[in-house]
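Following: one structure in structure tokens, then a few remarks.
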Amino acid sequence: MEMPFITVKQSLVDHEIEVLFEELDTHEPTSVEYKDITEQILKYYGLKNEKLKFKHDMAIKVVGIVGTLSAISAIMIFEKTNIIGTKAFGFIPKIGF
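Each step along the sequence shown adds one to the number in the working numbering, with nothing skipped, and position 60 is 116.
Okay, structure coming up:
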């Protein structure tokens, strides 16, 4: 038996949102269950947004660190070939994690 080929990787949160939307279609908009399901959907969207914000914040920090390290290594390489006083470590920013 051949397994189906899935091209899109779906997260657990996205899957739960789809399941909740399918369940939402089975209830009346004025029912209590409808309200509960919509609240759950909003909570899942909140989790999804927090995850995206965390990834964005981490990407910004990583780019800053890589840029700093590459600048320091370029200065140290220059100092190795052309003898001058060491100034490379003065470029290290104080990063508060």
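By construction, the Cβ of each residue, glycine as well, lies at the ideal position given by its N, Cα and C atoms.
Enclosing alpha helix (DSSP H) for residue i [first to last residue]
i: Glu95; result: 88-137
Exposed unless 16 or more other CB atoms sit within 10 angstroms - verdict on residue i
i: Ile93; result: buried
Reduced DSSP category for residue i - H, G, I as helix; E, B as strand; rest coil
i: His71; result: helix
i: Glu84; result: coil
TODO: Spell out a yes or no on whether the stretch 101-109 and the stretch 131-138 are touching, meaning 3 or more CB-CB pairs, one atom from each, closer than 8 Å.
DONE: no
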